[in-house]
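Novice:
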Amino acid sequence: MPIISAIGRKHWKVRALFTGMYLFLVIGAASMVYPFMLMLAGSTKSAVDIKYFEAIPRFLYDDTWLYRKHIEGLFNESLMDENVAYDRDDSTFENVAPPATVNQGLLNEWRTFLLATPLPLYAYQCGYLNAPMSRTIPSGLRAFKQALMARYGQDIIRVNRALGTEFETWNNVRINANTCLDRRNNPMATAFVSAGNEFKTQLPVGWRSYASPDGYYKKMYIKPVYGNAIDDYNREHGTRHGAYDKIRLARTWAENGTPKEQEDWEQFVRMTLSLQWIRVDAVALPEYRQYLQAKHDTIAILNKYYGTAYRSFNDIPLITEPPLAGMALSDWEAFIAGWKDPDTKRLYQAPVAALRIHSVDWLFRDYLTRKYGSPEDLNRRLDTRYKTMVEIRPPQREFHYAWFLENRRALRIEFVTRNYKTVAEYILFHGRGIINTVIYCGLAVLVALLVNPLAAYALSRYKMSSTYKILLFLMATMAFPPMVTQIPNFLMLRQLNLLNTFAALILPGMANGYSIFLLKGFFDSLPRELYESAELDGASEWTIFWQLTMALSKPILAVIALAAFTAAYSNFMFAFVVCQDEKMWTLMVWLYQLQQMSGQSVMYASLIIAAIPTFVIFLFCQNIIMRGIVVPSEK
Amino acid sequence: MAEVILDHVWKSYGGNLWAVNDFNLTIKDKEFMVFVGPSGCGKSTTLRMVAGLEEISKGAISIAGRVVNNVPPKDRDIAMVFQNYALYPHMTVYDNMAFGLKLRKYKRAEIESRVREASDILGITDYLHRKPKALSGGQRQRVAVGRAIVRKPKVFLFDEPLSNLDAKMRVQMRAEIIKLHARLEATMIYVTHDQVEAMTMGDRIVVMKDGVVLQVATPLDLYENPANLFVAGFIGTPPMNLFEGVIRRAAEGWIFDGETLQVALQPDMQDKLAAYAEKKVVMGIRPEHVGSPVAENTVGAPKIKARVDVVEPMGAETYLYMTAGRHTFIAKIDPHRRCAMGNELHLAFLNAKAHFFDPATTSLIV
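Structure representation (structure tokens):
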């Protein structure tokens, strides 16, 4: 019988009351949904947009923000790499804006150039290989792992053996995305780097960013020394550049406009720029041979170090392609930087006039010069406004943007799902954690559904004078927070030699005061006649317990099962304390580990994934709970 | 043969308070025995002792010649029907009825035929696959009875089975249980607080009060010859009129003197009542013996004068609630006799049907 009759409900006051109640409920529900939306949105963030708390992540509807996230991923979250490649001064990825105009002709030339020109693998870096700020696994790295797995199998040991690495698990596999521009970042020749380089070629071409000594010179060499204002630079150098944008790294020392610029150039080329982008002309050959002789004394010593078989120093050719490792590399580096003989105090070094920049920037300019001859021709054909060929810069930014425009949908999907993929892969790598959790939760529910009802049944059915005291004692266990009982429990389990077993996880939580209290109250409410009737029918105590009491208590048992499952599933601290062996770790412990080494977005994603089993179990139990408690009625 | 004998049965829940006080009764085979009395009189407790749901503090109960004091309920060969039906809510009607048989390891076919038979008797065959929740009160009680029937026990115990039913359904079920008894020819013990049920159903009735058996008799006997004041007041609707007064020898002979109401005594009662001369007694007379056509037509019946307070026409007769000074009583009169509230009436008093009780012991004098 409803409290308010059908006719009473039509009164405006009652209607207002109902409206108010429903409104209140809707607001309440919304206030639950909103934090969840924040959580969902948070799980799709990367470093660039993580500080914005919003229900719908902005990159889903705003292309600019999607572009920012893409650029961030493209340069492996390194702002320096972005500024160097694009020759810009962005202070954060938030300021990154897509190019205003795109010269399609120049872009096509760049594409043709890349196809036509053989470039070494270290000439470009690939995007989405590393996410040091967001601390997740970008799609490139994920694909790399899959490639490794496809080749070497699931066992990380085989990868280590084959590539000479020391990865503990698949989770530790990382590629260090370093653009080869600084002399310290010489390309390495290890098996793992080779595998990485080989893999890079399979990633989308639109993810490549080519090393630009030009941008590097300005961003990392000139600006830190002379400041960001071009006037300061002009004053120091006696030049009249309109902006830093106009400055280019000259190909040779002589091409620099003023002595000061020549000085900067020589310093940069000798000391800072990676050897890979420097070539030395043949005029330096005599000096080079003398240098090697001064350094190594005899050709035999040199041959020993170099693993060569020169008969004399005069047989040694000039290096054209800089070596990647060994004594040859350090000798070559010292020759470019300058080497002072400790005995004679004589300085040996490559003559400055022989030094020449051999970068992708210049290769592209050369390519265009070959094709178009003069800037006028180029301007006419490609609708550009270059006064000299030197002004041309590879349109990397436009190139990336073009790829972005074609792949916006895929990017959105990737950003929405990548943290979930990270978590899912992590969990799958630790399959043992899932099995442990399933066993633990299953046993915990089973035990909770056996021990608690038995105890409550005994208390409800056989009313002793001390029933109340026993119940009080059981309830008293609830007064101690788990943190308090944790250490005594641990010590007890250690005494019993049960650490690192399922028993350790389950035994301490087997009986639950609250569940017993709840069940006893419910059992008490079942009519006594039902039991008496069963007794007359000839039911044994077990039959009465199982077929009658338990069968009638399904909803309350569902509540207890749900509570037991949730407690077991979310148990992190205790599970970690009593099972420190990695083989016994549960999902929660693994997820905690993941959260320690991951960014906030991954953490959000892991929490959402972790909530799925609870949600499913809740749906299942809720069905039983909602079906209602069928207490035998009087009428 | 399922004779139930209660031999000096006592029941106490601790202390000196006896819930059942020296209960002695032999229930014959195939007898329909009714325990009746007000709440808390011990009738249910006695029944539960027979069922084995309560321990017997003192004395012995035997069923079919076997003392069952220490026999568990399931082995007593009895079946019980509870006031709230006590059906298993999660089982269908069929399973409810079959439950006891399954536990006793009857064969499937046997269970099936017994359940069919019982449900045919009770007219619940159509509901066999419903859950109790989907049944009305009357249907549920039928199922509860059916659950008792399928077991074919020697003794049926009913603990106020009709109390939860509405008035109409109660009358209907009452008749059905009577028919059932005739059909099953089993011993039945029936507990009720409703004296109408007791009167209509029982072969014999046990009237109890405060744990003590006051009278065991057939319904008519109980009605006509109540052994004490309580039985006299408890049995009958409307109840027996009771008047307090003294026995006195007046000029015309022995009379009952209730100050505002005086009645001459029948000669055959005088001997016994002479001993109570000038002493207080309680006179009881059924409403149908005051002012009724029978009384009015009896020659020599004394007349009493009283005022009408309330008139309740019932159709077949009319109840008058009367006042005569400090006494009030009910009279059952011819419905065609004219009277109205406030009228003074002279009513014939069939003194031959009067009973006299000793107020001190409450027991019947004559």
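Chains as they are written, first to last, in my numbering: chain A, 1332 to 1966; chain B, 953 to 1318. Think of the CB as a built atom: it goes at the ideal place given N, C-alpha and C, for glycine as much as any other residue.
(1) So Asn1031/B contacts chain A; which residues on that side make the cut at Cβ distance below 7 Å?
(2) Return the CA-CA distance between Lys1966/A and Ala1337/A, expressed in angstroms with no decimal places.
(3) Considering Cα atoms alone, identify which of Pro1254/B, Ile1285/B, Ala1276/B, Gly1252/B is closest to Gly1267/B.
(4) Going along the chain, which residues of the stretch 1048-1076 of chain B sit with their C-beta nearer than 8 Å to a C-beta in chain A?
(5) Is DSSP giving Pro1963/A helix, strand or coil here?
(6) For a contact defined as C-beta to C-beta under 7 Å, what are the partners of Glu1860/A on chain B?
(7) Which class does Leu1316/B belong to by DSSP, given the choice of helix, strand or coil?
(8) Considering Cα atoms alone, identify which of Ala1625/A, Leu1616/A, Ala1447/A, Val1504/A is closest to Pro1682/A.
(9) At a cut-off of 7 Å, is Arg1099/B close to the ligand NAD when judged by its beta-carbon and the heavy atoms of the ligand?
(10) For a cutoff of 8 Å on Cβ pairs, would you count Leu1225/B as touching chain A?
(11) Quick one: list the residues of chain A neighbouring Ala1003/B, beta-carbon separation under 7 Å, in chain order.
(12) Taking 8 Å as the CB-CB limit, is Ala1882/A close to chain B?
(13) Can you name the start and end residues of the beta strand (DSSP E) that Lys1284/B belongs to?
(14) List, in order along the chain, the chain B residues whose C-beta lies closer than 7 Å to that of Thr1874/A?
(15) Run through chain A and tell me which residues come within less than 9 Å of Lys1255/B, C-beta to C-beta.
(16) Which residues, in chain order, does the stretch 975-995 of chain B contribute to contact with chain A at a C-beta distance below 8 Å?
(17) Under the three-state reduction of DSSP, which class applies to Gly1197/B: helix, strand or coil?
(18) For Cys1952/A, which of helix, strand or coil comes out of DSSP?
(19) Given a threshold of 16 other Cβ atoms within 10 Å of its Cβ, counted over all protein chains shown, does Arg1724/A qualify as buried or as exposed?
(20) Sort out for me which residues DSSP pairs Pro1265/B with in a bridge.
(21) Need the endpoints of the alpha helix (DSSP H) that Lys1550/A sits in, please.
(22) For Ala1775/A, count neighbouring C-beta atoms within 10 Å of its own C-beta (all shown protein chains included) and say buried if the count is 16 or more, exposed if not.
(23) If you reduce the DSSP assignment to three classes, tell me which class Val1524/A lands in.
(24) Can you pull the chain B neighbours of Ala1892/A, defined as C-beta to C-beta under 8 Å?
(25) I need the DSSP call for Ala1012/B, collapsed to helix, strand or coil.
(26) My understanding is that Gly1163/B touches Gly994/B, with C-beta atoms under 8 Å, so please give their C-beta distance in whole angstroms.
(27) Can you give the beta carbon distance from Leu1938/A to Gly1764/A, rounded, assuming they're within the 8 Å contact cut?
(28) Note down the Cα distance separating Lys1106/B from Thr1139/B, rounded to an integer number of angstroms.
(29) Exposed or buried, what is Ser1409/A when buried is set at 16 or more other beta-carbons lying within 10 Å of its beta-carbon?
(30) Tell me whether Asp1697/A sits in a helix, a strand or coil according to DSSP, three-state version.
(31) Spell out whether any CB of chain A is found under 8 Å from the CB atom of Pro917/B.
(32) If you measure from the beta carbon of Leu1888/A to each beta carbon in chain B, is any gap under 8 Å?
(33) Which residue from Thr1675/A, Glu1592/A, Met1602/A puts its Cα closest to that of Tyr1622/A?
(34) Which residue's Cα is closest to the Cα of Pro1544/A: Phe1599/A, Leu1452/A, Ser1362/A?
(35) Which residues in chain B have a C-beta closer than 7 Å to the C-beta of Leu1879/A? List them in chain order.
(36) Are the C-beta of Ser1864/A and some C-beta of chain B separated by less than 8 Å?
Specialist: Concretely, from the data shown:
(1) Position 79 of the second sequence, counted from the first residue, corresponds to residue 1031/B. According to the sequence shown, residue 1031/B is Ala rather than Asn. Going along chain A in sequence order, the residues near Ala1031/B (Cβ under 7 Å) are Leu1867.
(2) Residue 1966/A sits at position 635 when you count from the first residue of the first sequence. Residue 1337/A sits at position 6 when you count from the first residue of the first sequence. Because the pLDDT of Lys1966/A is 38, which lies under 50, any placement of that residue in the model is unreliable, and the number read from its coordinates should be weighed accordingly. Approximately 24 Å between the Cα atoms of the pair.
(3) Looking up residue 1267/B in the second sequence gives position 315. Ranking Pro1254/B, Ile1285/B, Ala1276/B, Gly1252/B by CA distance to the CA of Gly1267/B puts Ile1285/B first.
(4) Close to chain A, meaning a Cβ-Cβ distance shorter than 8 Å, are the following residues of the stretch 1048-1076 of chain B: Phe1051, Gly1052, Leu1055, Arg1056.
(5) Locating residue 1963/A in the first sequence gives position 632, counting from the first residue. A caution first: Pro1963/A carries a pLDDT of 47, below 50, which makes its placement in the model unreliable, though a value can still be read off. Reduced to three states, the DSSP call for Pro1963/A is coil.
(6) Against the first sequence, residue 1860/A aligns to sequence position 529. Ordered by position in chain B, the residues that pass the 7 Å Cβ test against Glu1860/A are Phe1034, Asn1036, Ala1038.
(7) For the purposes of this step, residue 1316/B is taken as residue 364 along the second sequence, with counting starting at 1. Judged by DSSP in its simplified three-state form, Leu1316/B adopts strand.
(8) What you label residue 1682/A is simply residue 351 of the first sequence in a count that begins at 1. Residue Leu1616/A is the option with its Cα nearest to Pro1682/A.
(9) Summarising the ligand content, the structure contains no ligands, and the ligand NAD is consequently not present.
(10) On the second sequence, position 273 is the one that residue 1225/B refers to. No, no contact with chain A.
(11) Indexing the second sequence from 1 puts residue 1003/B at position 51. Those are Leu1867, listed as they occur along chain A.
(12) On the first sequence, residue 1882/A is found 551 positions in, with the first residue counted as 1. Judged by the 8 Å Cβ criterion, Ala1882/A is in contact with chain B.
(13) Indexing the second sequence from 1 puts residue 1284/B at position 332. Note, Lys1284/B: beta strand (DSSP E), 1279-1285.
(14) By one-based count along the first sequence, residue 1874/A stands at place 543. Here the neighbours are Leu1055.
(15) Translated into the one-based positions of the second sequence, residue 1255/B becomes position 303. Taking the beta carbon of Lys1255/B as reference, no residue of chain A falls within 9 Å; the closest one sits roughly 50 Å away.
(16) none
(17) Locating residue 1197/B in the second sequence gives position 245, where the first residue counts as 1. Strand, per DSSP.
(18) If you number the first sequence from 1, residue 1952/A lands on position 621. In the three-state DSSP reduction, Cys1952/A falls in the helix class (H, G or I).
(19) Start at 1 with the first residue of the first sequence, and residue 1724/A comes out as number 393. Taking a 10 Å sphere around the C-beta of Arg1724/A, we find 16 or more other C-beta atoms and assign the residue as buried.
(20) Here residue 1265/B corresponds to residue number 313 of the second sequence, with the count starting at 1. Beta-bridge pairing links Pro1265/B to Thr1270/B.
(21) Locating residue 1550/A in the first sequence gives position 219, counting from the first residue. Looking at the DSSP string, Lys1550/A is not in any alpha helix (DSSP H), and its letter there is neither H nor E.
(22) For the purposes of this step, residue 1775/A is taken as residue 444 along the first sequence, with counting starting at 1. When all chains shown are included, Ala1775/A counts as buried.
(23) For this step, residue 1524/A is matched to residue 193 along the first sequence. Helix at Val1524/A.
(24) Along the first sequence, read from residue 1 onward, the residue named residue 1892/A stands at position 561. Neighbours of Ala1892/A in chain B, taken as residues at a C-beta separation under 8 Å, are lacking, since the least C-beta distance is about 18 Å.
(25) What you label residue 1012/B is simply residue 60 of the second sequence in a count that begins at 1. DSSP, read as helix, strand or coil, puts Ala1012/B in strand.
(26) For this step, residue 1163/B is matched to residue 211 along the second sequence. For this step, residue 994/B is matched to residue 42 along the second sequence. Sure, about 4 Å apart at Cβ, within 8 Å.
(27) Locating residue 1938/A in the first sequence gives position 607, where the first residue counts as 1. Locating residue 1764/A in the first sequence gives position 433, where the first residue counts as 1. Not quite, the Cβ-Cβ distance comes to about 16 Å (not below 8 Å), so this is no contact.
(28) In the second sequence, counting from the first residue as 1, residue 1106/B sits at position 154. In the second sequence, counting from the first residue as 1, residue 1139/B sits at position 187. The C-alpha of Lys1106/B lies about 6 Å from the C-alpha of Thr1139/B.
(29) On the first sequence, residue 1409/A is found 78 positions in, with the first residue counted as 1. It is buried - the Cβ of Ser1409/A has at least 16 other Cβ atoms within 10 Å.
(30) One-based indexing of the first sequence puts residue 1697/A at position 366. If DSSP states are grouped into helix, strand and coil, Asp1697/A belongs with the helices.
(31) Any question about residue 917/B goes unanswered here, given that chain B covers just 953 to 1318.
(32) Along the first sequence, one-based indexing puts residue 1888/A at 557. No, Leu1888/A does not count as interfacial toward chain B.
(33) Stepping through the first sequence from its first residue, residue 1622/A is reached at position 291. The option with the nearest alpha carbon to Tyr1622/A is Thr1675/A.
(34) For the purposes of this step, residue 1544/A is taken as the residue at position 213 of the first sequence. Selected option, being the one with the closest Cα: Phe1599/A.
(35) Looking up residue 1879/A in the first sequence gives position 548. Those are Tyr1040, listed as they occur along chain B.
(36) Translated into positions along the first sequence, residue 1864/A becomes position 533. At least one chain B Cβ lies under 8 Å of Ser1864/A.
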